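Residue numbers (the numbering used here): 7 to 297. Comments concern the structure below.
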Amino acid sequence: MSHPIFKELKNKLYYPNFNHKVTLLGGQSFSWDIVNIDENMYLGWTDKYVVVIRVVGDYIYWQTYPSLNSESVISRYFRVGVDSVHIENIIGEDEHVKLAITKFSGIKILKQPLNLTILSFIISANNNIKAIRRSVRILSNMFGDVVDVPYLGSVSLFPTVEALAKASIDDIRKAKVGFRAKYLKETSEILLRSGLSERFDVMNQEEQLKTLLQLPGVGNKIADCVMVFAGDAMDITPMDVWGKRILKDLYGIPDTWKYEQYREWIRKQWGGYGAYAGQYLFEWYRNKNRS
DNA sequence: TGTCAGGTTTCGG
DNA sequence: CCGAAACCTGAC
């Protein structure tokens, strides 16, 4: 079975040990959908590009649109060069994490565009994945630039901060974001004005945190999500209700700690790779309780 | 109908 | 500083 879109994916990336389903459709990104043509094919977007990938064995076949073959974009997004097997070995010294890894090996942490990540996680506040994904898609269709993709038709990118800063709160509300609408607009205005995304990667973690916490709709947990999923903070586990549940049930940590106490404990527990440990534990624990 | 979901802001002590 | 309450929305 072959489809003409396969030959569009001219580029090949060695990307072993990739749990694409959990990585692309789990809680770290809301930008991907499975393409019906093939269960290992996904369509997603960065800030300026639509990305189509197909996972075959240890390789990803990929293409970017409208600008083709944007290799640097892909390398950055998938963090080529990060040795996830090495990381799994280190955090696997923790027996709970080790068990989680046996079930869900190959979870990667993507490096998503800053503005898109901040705005997506503002939507995530007190919300669930299904609803977040829906809101993101409505916003894209309303305010995002449109890209034509061969065989797949028109795809809308996530809106730029410029577009959202210009939009009215009432219009943004149409994306079912509720009370978060004004945060999206205000934060977009600040991001547009400050140009934070140009400077973010050269700031240290302390500066990043301080800056993110000044954005409306961004508290500790969302700031941590941004530093992990858009920045390079491998040592942080964003602490939400599931995180507290896990730390309480598995490690006997009280659920009454201050956010800063969790940050400190995490840093010591997982050897600087709390971001990855968290991804495994979350996925494992949520599925465990489901069945 | 009430509760809850991968939080943040606002307000009262 | 610190603990509560309110907050859009849709699914049990």
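Where a beta carbon is used, it is the ideal one built from N, C-alpha and C, also for glycine. In this text the structure is predicted, and so the values were computed from the model without any measurement.
The DSSP-derived three-state label of residue 54 is coil. The distance from the Cβ of residue 248 to that of residue 288 is about 6 Å, consistent with a contact at the 8 Å cut-off.
For residue 159, DSSP records a beta bridge to 155.
Of all C-beta pairs linking the stretch 190-198 to the stretch 159-177, three or more are shorter than 8 Å, placing the two stretches in contact.
Annotation: the continuous beta strand (DSSP E) that includes residue 69 extends over 65-71.
Counting the other Cβ atoms within 10 Å of the Cβ of residue 261 gives fewer than 16, which makes it exposed.
Using a Cβ-Cβ distance cut-off of 8 Å, the stretch 137-146 and the stretch 215-228 are not in contact, since fewer than three pairs of beta carbons, one from each stretch, lie closer than that value. Restricted to the stretch 59-129, the alpha helix (DSSP H) segments that are unbroken, complete and at least 4 residues in length are 77-83, 90-97, 101-110 and 120-129, listed in chain order. CA-CA distance, residue 66 to residue 17, rounds to 8 Å. Here residue 75 has 16, 17 and 69 as same chain residues with Cβ atoms under 8 Å from its own Cβ, once five neighbours each way along the sequence are excluded. Shown here, residue 250 sits in a helix according to DSSP, grouped into three states. Checking the DSSP bridge columns, you'll see residue 271 has no partner listed. Under the DSSP assignment, residue 176 falls in the alpha helix (DSSP H) whose first and last residues are 175-179.
Contact between residue 208 and residue 58 does not hold, since their C-beta atoms are separated by about 31 Å, which reaches or exceeds 8 Å. Contact between the stretch 141-152 and the stretch 104-116 is absent: fewer than 3 CB-CB pairs across the two stretches fall below 8 Å. Contact check for residue 246 against residue 227 passes: the beta carbons are separated by less than 8 Å. Collapsing the DSSP output to three states places residue 238 in coil. Fewer than three beta-carbon pairs drawn from the stretch 96-107 and the stretch 27-43 are found closer than 8 Å, and the two stretches are therefore not classed as touching. If you ignore the 5 residues before and after residue 278, its C-beta comes within less than 7 Å of the C-beta of 240 and 241, all in its own chain and listed in chain order.
Straight through space, the alpha carbons of residue 159 and residue 280 are spaced by roughly 39 Å. In the DSSP secondary-structure assignment, residue 20 is bridged to 65.
Each residue's CA atom was taken as its position, placing residue 163 and residue 217 some 26 Å apart. Pairing residue 8 with residue 132, the inter-Cα distance amounts to about 42 Å. Of the candidates 28, 81 and 100, the residue whose Cα lies closest to the Cα of residue 257 is 100. The straight-line gap separating the alpha-carbon atoms of residue 232 and residue 11 is approximately 33 Å.
Taking residue 96 as reference, the option from 292, 275 and 266 with the minimal CA-CA separation is 275.
Per DSSP, the beta bridge partners of residue 48 are 40 and 59.
Distance between residue 203 and residue 73, taken at the CA atoms: about 21 Å.
Counting of Cβ neighbours within 10 angstroms places residue 199 among the exposed residues, the total staying below 16.
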